[in-house]
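Working notes for the structure below.
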């Protein structure tokens with residue numbers, strides 16, 4: 128059975144480089160451990176970086192976002 132990890136973090140893009148580096152490391156780690164990422168569905172900020180990194184590294188990625196929030200946020204295609 129494939130395990131899932133839920134990650135919820137901000138969509139702000141105004142953060143220093145170490146936060147972005149950590150988001151990429153987390154995404155790659157999720158994929159390396161053959162886990163599924165479940166996250167808030169955004170494609171920008173740390174949330175988007177974790178998802179993009181995980182997907183690019185081969186992880187299954189599931190974004191959870193309400194229809195109402197899709198209008199206000201930049202939803203990812205996952």
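Residue numbers (our numbering): 128 to 205. Yeah, the Cβ is synthetic: ideal placement off N, Cα and C, and Gly gets one too.
Query raised in the report: Using a Cβ-Cβ cut-off of 8 Å (strictly less than) and excluding sequence neighbours within five positions of residue 131, which residues of its own chain qualify?
Result: 162, 163, 164, 165, 189
Query - Contacts around residue 138, its chain only, beta-carbon distance under 6 Å, and the 5 residues preceding and following it disregarded - result: 169, 171, 172, 174
Report task. Tell me whether residue 144 is buried or exposed, calling it buried when 16 or more other Cβ atoms sit within 10 Å of its Cβ. Result -> exposed
Query raised in the report: What number of angstroms, rounded off, separates the C-alpha of residue 182 from the C-alpha of residue 156?
Result: 11 Å
Report task. Using the DSSP secondary-structure output, state which residues sit across from residue 132 in a beta bridge. Result -> 164
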